[in-house]
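**Student:** Sequences listed follow chains A and B, in order. Residue numbering for the first sequence follows numbering that gives the first Met the number 0, beginning at 0 and increasing consecutively. Residue numbering for the second sequence follows numbering that gives the first Met the number 0, beginning at 0 and increasing consecutively. I'd like to ask you about the structure that follows.
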Amino acid sequence: MIQINGLTKIYKLNAKKMAELKTKKNTKIAVDNLSLEARPGEIFGLLGPNGAGKTTTLRTVATLLKPTKGDIKVCGFDTQKEGQKVRDSIAFLTNEIKLDPNFSADYMFKFFGRLHGMSEEQIVARQEELFNVFGINDFKNKKIEELSTGMKQKAAIAVSLVHDPKVVIFDEPTSGLDIVTARSVTDYLKYLRDQGKTVIVSTHIMSEAEKLSDRIGVIIGGKKVEEGTLSEILEKNEAEDLEDAFFKLYSKYGTEK
Amino acid sequence: MSGMSIILKKELKRVFGDKKLVFSMFILPAIIMIALYGLMGFAIGAMNSDIEEHVNKVYIVNADARLKNAIQASGFEKNENGETVNDITYMTEAEYRADEQKLSDEILNGDSQMIVYLDPEFEKKFTSYKNAGDAIPQLIISYNTTENYSQNTYSVFAAGSGINPGVLDTYRTMLLQERVGNLDLLNVFDLQQNIIEKEEKAKSQFISMMLPYMIIIMLFAGAMSVGVDAMAGEKERGTLASMLLSPIKRTSIAGGKVVAMMILSGLSAIVYVASMMIAMPVMSALGGENSPMGQGFGGLSLDLVQGLQLGAIMLALVFLFVAVISFLAIRAKDTKAAASLISPVYIVVMVAGMLTMFMSGKNVPISRYFIPVYGNAVAIKDICNNELVGTNFLASLAGTVIIAVALTIGIARSFDDEKIMFNA
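Now the structure itself:
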């Protein structure tokens, strides 16, 4: 379970960044008073354009960033006061956080298993399961740097799940993957949901969000502008599909900031 | 297994699991060091042999019979095997004046090595000298200090070589003998030098000057080679963030990384020092007794306590260097920025190590031992000279370790700083 209550994240900008963003303000509101809830046994899709605040929101949930305002609870643990417990409850995957290219998937899996306090037997059993699901056994001893993008992503997903976490947070997990690998990832996310895990996935691929998510939250300009099941969102916005609904929302809120 | 030891093992495996890295970090520097010093020794040896074997061209103007005898007696012209060492051309005043500029140019261009010019009225002035203030004859020696052959020819002519006396000394003695008769009259006292020194200090003088600087430079270089990549490199690649997502304390991550780097850079420094210990005698053997580092490490002998003291100081130093480098590297945006932040520190460390090279005396106040790097260098010098007292040893350790611990805490805090870690 993830509960986000009134999350606001404001970045301070230095002169260089102010010039890059062509602004005179020395702050940027990345997330603005955002509240949402992702429940066990569901996939919550976080949808939004680039720079909407999806990654900032997920990083704050994962304790990598601190909220400027608001609070977040993961499995009942406060992200600011009980960071270690939160990190032990989640799998977090994003393109910018990578496995050490000097090691093999096998070593990385065991390394993170040990950091999560698992016994060698637990690690081996878990490795057998996940490496089979993602077809990693064929390249498990190769260095990460020698793997293709798809292989790296599979290894990263398996490693992130080593400790069988209750909450799975994947930021654009199919980005850069071929259709076969992408399908195996989305299938496994559905499997995790069916196992009762809380799954939160950010994406800007409408079709993926449509097929995968039980509920969807749309973020534009750091604000949550819509939340509900696919049918609820389509009905509210009188749209034929999610893409249509998104563009209606974007035309309404996208220019506000 | 604690989080810190898991991180430590991973960091060590990163290096020891990569044969190329092991070779470039620990084996290649040793090979290069020994080869480099060997080559230097060979070059010095070859240069010395060349100077010794070269037949120098010497002009002597207005030479009298005494000077010719002195030259023969001192073996300046021919060696004990009858081989010509210096090719001497004797000239008259008229011959010299006719070619004066040409002979001078020869010296300048290195075509000849020395001109010895005796006053044309040498004999007259010498024999007519009676009282103080009377004119004395001139002897002018022309040579080129920028040419090795010329410089060496002058040295041998003036002061001799090996068992052979110098021509000038022999000539002067001959003239004095003639003038005074009994040379003993010129001796007013018998000088005897009674040298009072600690034998081990005398033997280790060279090494006590060099060792602190060498240890400091090697340790810093070792720490730099592993520290920048382990912090700035991992941050740049996004692999450090994956560790920050694990349920262990930031201090465990910082501690694991710092201890691993201490081990690696310590090993690297040991390889360097051991290579030098091998390389210097090689250089000495190839370069001859007169090579600049001919004494090598031969003069250094440490007892168990001194060995432990040296080990503790090296450990404290490596802790400090790793902490400084890691602290700067983690705050840098990438490895390039880290390198530019660390370079000025390297210069400061070099200067601190160098300061002790030309420092003498036991009267260094204890407050200076607290200064990191400088205090450690002074303490290492004291160990070599068998002069380190317990309080100074502890002060040198305390100053360094306190700063290193503070920096390690700073590294752990940096891991929690989203501005530093994610440029947020």
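Where a beta carbon is used, it is the ideal one built from N, C-alpha and C, also for glycine. Here the structure is a predicted model, which means the values were calculated and not measured.
Under the three-state reduction of DSSP, which class applies to A:Phe76: helix, strand or coil?
**Tutor:** A:Phe76: strand per DSSP, three-state reduction.
**Student:** Select from A:Gln152, A:Lys72, A:Arg113 and A:Lys53 the residue whose C-alpha is nearest the C-alpha of A:Thr197.
**Tutor:** If we check each option's Cα against that of A:Thr197, A:Lys72 comes out closest.
**Student:** Cα-Cα, which of B:Ile114, B:Ile408, B:Lys12 and B:Val321 is closest to A:Pro100?
**Tutor:** The shortest C-alpha separation from A:Pro100 is found at B:Lys12.
**Student:** For A:Asp87 and chain B, any beta-carbon pair shorter than 8 Å?
**Tutor:** It does: the Cβ of A:Asp87 has a partner Cβ on chain B nearer than 8 Å.
**Student:** Could you round the C-beta distance between B:Ser274 and B:Pro28 to whole angstroms and report it? I think they count as a contact, below 8 Å.
**Tutor:** So it is a contact: roughly 7 Å between Cβ atoms.
**Student:** Only counting the same chain, and skipping five residues up and downstream in sequence, which positions put a Cβ closer than 8 Å to that of B:Glu92?
**Tutor:** Contacts found: Val60, Asn61 and Pro119.
**Student:** Contact criterion: CB-CB distance below 8 Å. Does A:Glu95 meet it with respect to chain B?
**Tutor:** Taking Cβ atoms only, chain B reaches closer than 8 Å to A:Glu95, which makes this a yes.
**Student:** Can you check whether the C-beta of B:Thr238 is within less than 8 Å of a C-beta belonging to chain A?
**Tutor:** Yes, because at least one Cβ of chain A sits closer than 8 Å to the Cβ of B:Thr238.
**Student:** Where do the N-terminal and C-terminal ends of the beta strand (DSSP E) with A:Thr202 fall, by residue?
**Tutor:** Segment Thr197 to Thr202, the beta strand (DSSP E) holding A:Thr202.
**Student:** Scan the segment 14-31 of chain A for residues whose Cβ lies nearer than 8 Å to a Cβ of chain B and list them as they occur along the chain.
**Tutor:** Cβ contacts with chain B come from no residue of the segment 14-31 of chain A.
**Student:** Skipping 5 residues on each side, what residues in its chain have a beta carbon closer than 6 Å to that of B:Ala42?
**Tutor:** If we look at B:Ala42 and ignore the five residues flanking it on each side, it has no Cβ neighbours.
**Student:** Kindly list, in the order they appear in chain A, the residues whose Cβ is closer than 9 Å to that of B:Pro246.
**Tutor:** Per Cβ cutoff of 9 Å: Gly82, Gln83, Lys84, Val85, Arg86, Asp87, Ser88, Leu114, His115, Gly116 and His162.
**Student:** What residues are listed by DSSP as bridge partners for A:Gly216?
**Tutor:** In the DSSP output, where bridge partners are listed per residue, A:Gly216 has A:Leu45 and A:Glu226.
**Student:** For B:Val323 versus B:Thr355, is the C-beta spacing smaller than 8 Å?
**Tutor:** No, these two residues do not count as a Cβ contact at 8 Å.
**Student:** Check the Cβ of B:Glu417 against every Cβ in chain A and list those closer than 8 Å, keeping chain order.
**Tutor:** By Cβ distance, chain A contributes Leu63, Leu64 and Lys65.
**Student:** Work out the CA separation of B:Leu167 and B:Ile139 for me, nearest whole Å.
**Tutor:** Taking the straight line joining both Cα atoms gives about 12 Å.
**Student:** Using the Cβ count rule (16 or more neighbours within 10 Å means buried), how would you classify B:Asp110?
**Tutor:** B:Asp110 comes out exposed.
**Student:** Using a cut-off of 8 Å between C-beta atoms, extract the partners of B:Asp333 located in chain A.
**Tutor:** Ordered by position in chain A, no residue passes the 8 Å Cβ test against B:Asp333, which lies about 14 Å from the chain.
**Student:** Within this structure, are the beta carbons of A:Ile42 and A:Leu188 separated by less than 8 Å?
**Tutor:** Taking 8 Å as the Cβ cut-off, A:Ile42 and A:Leu188 qualify as a contacting pair.
**Student:** What residues from chain B crowd round A:Asp99, counting only those whose CB sits closer than 7 Å?
**Tutor:** Within 7 Å Cβ-Cβ: Thr238.
**Student:** Can you pull the chain B residues whose beta carbon is under 8 Å from the beta carbon of A:Phe110, in chain order?
**Tutor:** Simply Ile5 and Lys9.
**Student:** If you follow the alpha helix (DSSP H) that B:Ser141 is part of, which residue opens it and which one closes it?
**Tutor:** Segment Leu138 to Tyr142 is the beta strand (DSSP E) holding B:Ser141; no alpha helix (DSSP H) there.
**Student:** According to the Cβ coordinates, are B:Thr238 and A:Leu98 closer than 8 Å?
**Tutor:** Going by C-beta atoms, B:Thr238 is nearer than 8 Å to A:Leu98.
**Student:** I'd like to know whether the C-beta atoms of B:Leu314 and B:Phe25 end up nearer to each other than 8 Å.
**Tutor:** For B:Leu314 and B:Phe25, no; Cβs fall outside 8 Å.
**Student:** Please check the pair B:Thr390 and B:Leu319, which I expect to be a contact at CB under 8 Å, by giving their CB distance rounded to whole angstroms.
**Tutor:** Contact doesn't hold; Cβ gap of about 20 Å is too wide.
**Student:** Taking its Cβ as the centre, do 16 or more other Cβ atoms sit within 10 Å of B:Pro291, making it buried, or is it exposed?
**Tutor:** A caution first: B:Pro291 carries a pLDDT of 48, below 50, which makes its placement in the model too unreliable to give a value.
**Student:** Which same chain residues, not among the five before or five after B:Ser1, have their C-beta less than 6 Å away from its C-beta?
**Tutor:** Excluding positions up to five away in sequence, the list is empty.
**Student:** Report the neighbours of A:Phe264 on chain B: residues whose CB is nearer than 8 Å to its CB, in chain order.
**Tutor:** Only positions 0 to 256 of chain A appear in this structure, which leaves residue 264 of chain A out of reach.
**Student:** Where does A:Leu92 fall in DSSP's three states?
**Tutor:** Looking at A:Leu92 - three-state DSSP - the assignment turns out to be strand.
**Student:** With distance defined between alpha-carbon atoms, name the residue in A:Pro164, A:Met150, A:Thr62 and A:Cys74 nearest to A:His115.
**Tutor:** Minimum Cα distance to A:His115 is reached at A:Pro164.
**Student:** Express the C-alpha separation of B:Pro343 and B:Val317 in angstroms, rounding to a whole number.
**Tutor:** If you take the alpha carbons of B:Val317 and B:Pro343, they lie about 18 Å apart.
**Student:** Specify, as a first and last residue, the run of the alpha helix (DSSP H) that B:Ser4 falls within.
**Tutor:** Gly2 to Phe15 is the span of the alpha helix (DSSP H), which, as asked, contains B:Ser4.
**Student:** How about the segment 160-177 of chain B and the segment 68-76 of chain B: do they share at least three Cβ pairs that are nearer than 8 Å?
**Tutor:** Verdict: yes, contact present.
**Student:** Please identify the residue among B:Ala64, B:His53 and B:Tyr95 whose C-alpha is closest to the C-alpha of B:Lys77.
**Tutor:** Closest option to B:Lys77, Cα to Cα, is B:His53.
**Student:** Please classify A:Ile1 as buried or exposed, where buried requires at least 16 other C-beta atoms within 10 Å of its C-beta.
**Tutor:** Classification for A:Ile1: buried.
**Student:** Just checking, does the segment 65-85 of chain A make contact with the segment 112-130 of chain A on the three C-beta pairs under 8 Å criterion?
**Tutor:** Contact fails: fewer than three Cβ-Cβ distances are below 8 Å.
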